[in-house]
């Protein structure tokens, strides 16, 4: 098979001239079988329209546009008045003719084709070519060229534009050097990145904007870039801050708002506190009056700007968020100097609420709580008398507390009212004892009552049968201090000494030694203490000269009560106790049974007695093999038995089978080992030598010394390769020049035999490759058996069924065919359009009046959005930009919604009276906005970074986040029904929101938590009392008696419970 790697490039003019157009197209149609324009339903194959309606004018000074900055704040870097003349042009000429004129125009408001300002990305380009004298090899000429960085004031002529990699325009001057940086070419100011690529339809590295058509510097004009509107000043920079342009007040982002710097503000407030509508025009809301935008209220002050912070309007105290200016209604606001101090502004008109009770959501408790707002408008704290009743509020957040003791020792009942228990006597509340002092408050701490030394905890509860906060023990009956007594708390025993505390360590009581834990004081029973002695499981007394059992293990304690170690004779039997444990299961002193001990001898599994297993023989114990040597002890390490090299674990003596062993005698996992490794047969245990073997799905080879091979080797005349990290034989994989295994490389090894592929085609993963006679994979342009073919340089894959450098390589053999000009071609890997010079179109293009977008490789976007998944949507079949409202399919079964302007809707949307949610992913590298189905979510928690002005640190929300459930079939938010989702029940109201807290549905009383989950079989204790909701139905229990968790309760008509 003949391979010639130096055949002439397919871009050669001679090659093209040698074929007639009819012959080329006929052979292409018969052999390549791509779908051409006449077979594609996208568009007609003629009339490529690159017309761009523009509003940007290049380097003109006609006085048509008045531009000056507002006198408020955020002035632009260039605020001098500038003017422009709007010119519209239609252009289908070649690049050379484009450059011949100094009358350059910018892109239209609809163009947003450039995906990045970075030099490596593609701007929007037209389909024209730079010159009729295109070099034989564009790639070669680019690689060999050098760059020229001349002054931008120097007018450069005599060179030529050409299309480089990724469809980017470059300019080669008369000396053959590529221009870089700002330049003036044929009288037009342009910019080239360090790579030589021209900036077109984007802001370049110099922060100036260059148009999409010629890359000309734009001045004194509006432009649209990535869906945002900018105004470019006389120096080419985007304006920032407030300005008046043609008599209209506008505002451009000056880094105060989220988004791109210089982008026109729309539907937002500027730093000047003025509102700019969907057109970017300032809206006059008058002065000294309220106005509403969406659901939010604002107030225009005497100068027309919105007010912020605390205000007195019409005699009422109101509050507007300091960042956004939104009026606070139905929420708390933090005091400016003391963030723990809160003010509440009402729902109807936003006025400060004073001298009344309020029920509002508490984020800490995640439920509604009751507050009392005092004359200042802040929640009352601590003990208060309100409407003649003594009540108690949390000292920190002001919520009213129920069935609780105050910090002063007073008790407030389920209704939150102070309960009078009299003075100087004990009181039993819910099974616990308290003592009311002379002031009517419950006492706390250490007291002497009726001669007894008693203790009451921080809640006033008397300590009985337990230790107090000072670790003193109190009697279970009268609560008096205990001394010199053995006591029990739960299942643990303690000995209380002379000073009322639990003793620790070894102690002699009534002539018997006991041991109490050194840390806790708990008596040691049925275990060895820290003094190494064993204490009886029942009495706690020390045991001597006896076998003892701890868990499943046996020990023998000597006359001192300590465990024996090593070999001993007990009751006539030679037994062994572990001296040096080698595993977590073993403990020092544990008797060896049914195993070999540290001395290499075996002890019976039942009696533990020494057992003679003979000499010079293999024995099997517990599924493991051992070899007993001539001394009657087991062998360890490397051994040769009956001429066979075997290996026994250096510690346990178990024979190694089916494992890798390193040079240090340790087992290895076959992954990234560094030492010399050997393998022992899984059946015989013999060291493998000079053979392949199979282990855990991979093949290995052991050499004459048993060492596992790595890297490239020739075995039995076959060139093979073993991973240099782990020794696994490479099959059906590539190996790089540096020897790493992966999905690409310079060599390939057969998937069945592992042999290096040489001198032929082969496939892997559906792709074709070619290895030469030395096994090296070909790349670039090659001639094989007289056929010109192409292999991608990085992956070495052959080009088949795709287009490379303006040629279609067919599916069958990868032979090249010239693509048709000025029409679409639809092949497996995409839809393309080639201009009259055979160059693929890139960027945004208008063809036969329809908009398309072509990637840098020339393939049209289909079923996808531009700008990292957020821009215009292009039809999945035709590739035509869609500007009709409706659902569109993206990816594999995902759906998005676009409006009639072709823009993607995100987040919660009302469409035809139903709510839907379109999720925006956090990744910018993929499409987002997918329709959510069969999911419960809260838009506020999903979009916590979206509404930046609502994330105010000064406002404390007094309601939980709203949750919705979106139907599994339609994606619409469900309304007015119960839904069971992932084991929890929810009810969604007419607005689609999950109901929360107390709700009456069809005449039945239910309770839902802050996320809308229905409460069943639980008590809810809040300002309505302690109530219970049925285990099955979830209904509130009323007018009934029920036993719950062993306690009996009576429920009144309101559901409030009383334990009886």
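In the UniProt record's numbering, the protein residues as written are 1 to 1060.
Think of the CB as a built atom: it goes at the ideal place given N, C-alpha and C, for glycine as much as any other residue.
Keep in mind the model is a prediction, meaning the values are calculated, not measured.
Are there three or more Cβ pairs, one per stretch, closer than 8 Å when the segment 825-843 is compared with the segment 783-799? The segment 825-843 makes no contact with the segment 783-799: fewer than 3 CB pairs, one atom from each, lie closer than 8 Å.
When DSSP labels each residue in this structure, what does residue 866 get in the three-state scheme? Helix at residue 866.
For the segment 764-783 against the segment 690-710, do three or more pairs of beta-carbon atoms, one drawn from each stretch, fall closer than 8 Å, so that the two count as touching? The segment 764-783 is not in contact with the segment 690-710.
Option in 681, 192, 366 with minimal Cα separation from residue 214: Distance from the Cα of residue 214 is smallest, within the candidate group 681, 192, 366, for 192.
Is DSSP giving residue 954 helix, strand or coil here? Residue 954 falls in the coil class under three-state DSSP.
Closest residue to residue 631 among 624, 640, 617 (Cα-Cα distance): That would be 617, whose Cα lies nearest to the Cα of residue 631.
On the CB-based measure, 16 or more other CB atoms within 10 Å of its CB, does residue 605 come out buried or exposed? Label assigned to residue 605: exposed.
Should residue 877 go down as buried or exposed, given a rule of 16 or more other Cβ atoms within 10 Å for buried? The residue in question, residue 877, is exposed, as its Cβ has fewer than 16 Cβ neighbours within 10 Å.
Kindly say whether residue 898, judged by its beta-carbon, lies nearer than 8 Å to any beta-carbon of chain B. Going by chain labels, chain B is absent from the structure shown, which holds only one protein chain.
Supposed close pair residue 393, residue 377 - CB separation, criterion 8 Å: Not a contact, Cβ separation roughly 15 Å.
Just curious, the beta strand (DSSP E) that residue 488 is in, first and last residue? Its beta strand (DSSP E) spans residues 485-489.
Residue 941, DSSP secondary structure in three states: Per DSSP, reduced to three states, the secondary structure at residue 941 is helical.
Taking the alpha-carbon of residue 808 as reference, which of 795, 822, 794, 789 has the nearest alpha-carbon? Restricting attention to 795, 822, 794, 789, the CA atom closest to the CA of residue 808 is found in 789.
What are the complete beta strand (DSSP E) segments, minimum 3 residues, inside the segment 353-397? Positions of the beta strand (DSSP E) runs, each at least 3 residues long and wholly inside the segment 353-397, are given as 356-362, 367-373, 382-386, 389-393 in order along the chain.
Please report the distance separating the alpha-carbon of residue 487 from that of residue 496. One C-alpha to the other measures close to 7 Å.
Are the beta-carbon atoms of residue 730 and residue 721 separated by less than 8 Å? For residue 730 and residue 721, yes; Cβs fall inside 8 Å.
The segment 663-670 in contact with the segment 709-717 per 3-pair CB rule at 8 Å: Segments in contact, no.
Exposed unless 16 or more other CB atoms sit within 10 angstroms - verdict on residue 1045: Around the beta carbon of residue 1045, fewer than 16 other beta carbons sit within 10 angstroms, so the residue counts as exposed.
C-alpha distance - residue 419 paired with residue 460, whole-angstrom precision: Cα to Cα, the separation comes out at about 15 Å.
Going by C-alpha distance, which of 783, 271, 593, 467 is nearest residue 621? Residue 593 holds the alpha-carbon nearest to the alpha-carbon of residue 621 among 783, 271, 593, 467.
Closest to residue 521 by CA distance: which of 639, 545, 492, 163 is it? Put simply, of 639, 545, 492, 163 the residue whose alpha carbon is nearest the alpha carbon of residue 521 is 492.
If we count the other Cβ atoms within 10 Å of its Cβ and call it buried at 16 or more, is residue 485 buried or exposed? So residue 485 counts as exposed.
Counting along the chain, where does the beta strand (DSSP E) carrying residue 568 start and finish? Note, residue 568: beta strand (DSSP E), 566-570.
What whole-angstrom Cβ distance do residue 971 and residue 932 have, given they're in contact under 8 Å? Between residue 932 and residue 971 the Cβ distance is about 6 Å, and since that is below 8 Å, they are a contact.
Since residue 1067 and residue 940 are thought to touch, with beta carbons under 8 Å apart, how far apart are those beta carbons, to the nearest angstrom? This structure gives no information on residue 1067, because the portion of the chain shown stretches from 1 to 1060.
Thinking C-beta only, is residue 968 closer than 8 Å to residue 934? Residue 934 places its beta carbon less than 8 Å from that of residue 968.
Classify residue 793 as buried or exposed, calling it buried when 16 or more other Cβ atoms lie within 10 Å of its own Cβ. With fewer than 16 neighbouring CB atoms inside 10 Å of its own CB, residue 793 falls in the exposed class.
To which residues of the same chain is residue 299 closer than 6 Å at the C-beta, ignoring the five residues directly before and after it? Once the five neighbours on either side are set aside, the close Cβ partners of residue 299 are 290, 307.
Residue 1016 and residue 1057 - do their beta-carbons sit closer together than 8 Å? No, they are not a contact pair.
Pull up the distance between the alpha-carbon of residue 777 and that of residue 699, whole angstroms please. In this model, residue 777 and residue 699 are separated by some 24 Å (Cα to Cα).
With 16 as the cutoff for other CB atoms within 10 Å, does residue 124 come out buried or exposed? The pLDDT assigned to residue 124 is 37, lower than 50, so where the model puts this residue is not dependable, and the model offers no usable value.
Answer with buried or exposed for residue 138, where buried requires no fewer than 16 other C-beta atoms within 10 angstroms of its C-beta. Note on residue 138: pLDDT 30, under 50, position unreliable in the model; the coordinate value appears next. Looking at its Cβ environment, which holds 16 or more other Cβ atoms inside 10 Å, residue 138 is buried.
Report yes if the C-beta distance between residue 208 and residue 236 is below 8 Å; otherwise report no. One thing to note: residue 208 has its Cβ within 8 Å of the Cβ of residue 236.
Quick one: what's got a C-beta closer than 7 Å to residue 819's C-beta in the same chain, skipping five residues either side? Closer than 7 Å at Cβ, skipping near neighbours: 803, 806, 807, 808, 825, 834, 838.
What residue range is occupied by the uninterrupted beta strand (DSSP E) comprising residue 718? Residue 718 -> beta strand (DSSP E) spans 718-722.
Cβ neighbour criterion (16 or more within 10 Å) applied to residue 153: Here residue 153 is exposed, its C-beta having fewer than 16 other C-beta atoms within 10 Å.
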